[in-house]
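Q:
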Amino acid sequence: DVYKRQDLQGLHIFPGRINALSGAVKLPHMGWNQLQLKEDSRLLEGINSASYFYFAHSYGAIHAGDEVRATCVHGTEFVAVAEKENLFAVQFHPEKSGDAGQHVLLNFLQVAA
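Just so you know, we're using the working numbering here: the sequence shown kicks off at 941 and counts up by one.
This is the structure in structure tokens:
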């Protein structure tokens, strides 16, 4: 099954590798968690650092480059938001993340306009 292969190359848009989350935590990571802001982000403009976002995943980008804008911790630290030029990636579900997620989506629409 192609989805169980560990050697898929991806698109090479963002550096790093995707790995299973590790640590003595329940997987999949399902629920609310806070972001640790690392760099300025067009997607996270105006987001309060105390905001919570909804996650549902078992894998994440553990190591990445300068494109990391925010991380999160569930067993291990993983990339939660990445930006590179006009490309954006989030690990959480903005559509399920209440007011904070709505703010992220509005920021995206403003950037896209």
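Each residue gets a CB set at the ideal place from its N, CA and C atoms; glycine is no exception.
#1: Closest to residue 978 by C-alpha separation, out of 1022, 1031, 1044, would be which residue?
#2: At which residues does the beta strand (DSSP E) containing residue 1033 begin and terminate?
#3: On a CA-only basis, which of 951, 1000, 974 is nearest residue 1041? Give me that one, please.
#4: Could you tell me how far apart the beta carbons of residue 1014 and residue 965 are, in whole angstroms, since I believe they sit closer than 8 angstroms?
#5: Around the C-beta of residue 1007, are 16 or more other C-beta atoms found within 10 angstroms, so that it is buried, or is it exposed?
#6: Rounded to a whole number of angstroms, what is the C-alpha to C-alpha distance between residue 976 and residue 958?
#7: Just list the residues that DSSP pairs residue 976 with in beta bridges.
#8: What first and last residue would you give for the alpha helix (DSSP H) that runs through residue 1043?
#9: What is the DSSP secondary structure of residue 969, counted as helix, strand or coil?
A: Well, looking at it:
#1: Closest option to residue 978, Cα to Cα, is 1022.
#2: Here residue 1033 belongs to no beta strand (DSSP E), and DSSP marks it neither H nor E.
#3: 974
#4: 6 angstroms
#5: buried
#6: 19 angstroms
#7: 1011
#8: 1038-1052
#9: Strand.
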